[in-house]
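Below: one structure, written as structure tokens.
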Amino acid sequence: MFALIRALFFGALALMALIPVGIVLAVVGLPIVAVLGLLALPLLLVLFLVGLPLLIVVSVVVGLIGATFGVLMAFLSVGIVALKIAFVVLVPLLILAWLARRMFGPPPDYGMRA
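Converting from the sequence shown to the numbering used here requires adding 606 to each position, the first position being numbered 1.
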């Protein structure tokens with residue numbers, strides 16, 4: 607138990623020590639990211655102009671596949687629900703019919719003829 611408390615205490619101290627490191631990295635890294643972003647603007651423009659039609663086509667295909675799959679799953683779920691209802695209704699009906707035939711039907715003929 608003491609080891610757990612010691613680990614939590616020194617872990618919290620280590621996280622407190624990382625706060626200034628994170629601030630320094632943010633101060634140094636953000637201008638570098640801004641310069642790299644400015645350098646990447648022509649490439650992003652070309653990728654946008656070339657990739658946008660591809661993105662639209664791919665998104666339409668994925669949407670159509672998703673819609674088809676959704677309709678199929680909807681029909682399948684309706685079929686499963688209908689099967690469950692049929693099972694819940696027909697099995698007791700089958701048991702009741704069998705019992706009624708045994709109780710009210712003709713006596714069984716076991717093949718013995720007199």
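Idealized CB from N, CA, C, for every residue including glycine.
Ala646 carries a coil assignment under DSSP once its states are collapsed to helix, strand and coil. Taken atom to atom, the span from the alpha-carbon of Leu636 to that of Ala646 is near 15 Å.
The alpha-carbon of Leu614 is positioned some 29 Å away from that of Val633. Apart from the 5 residues on each side of it in sequence, Met622 has no Cβ closer than 7 Å to any other Cβ in its chain. As the crow flies, the alpha-carbon of Ala609 is around 16 Å from that of Ala620. Its chain contains no residue whose beta carbon lies nearer than 7 Å to that of Val694 once the 5 sequence neighbours on both sides are disregarded.
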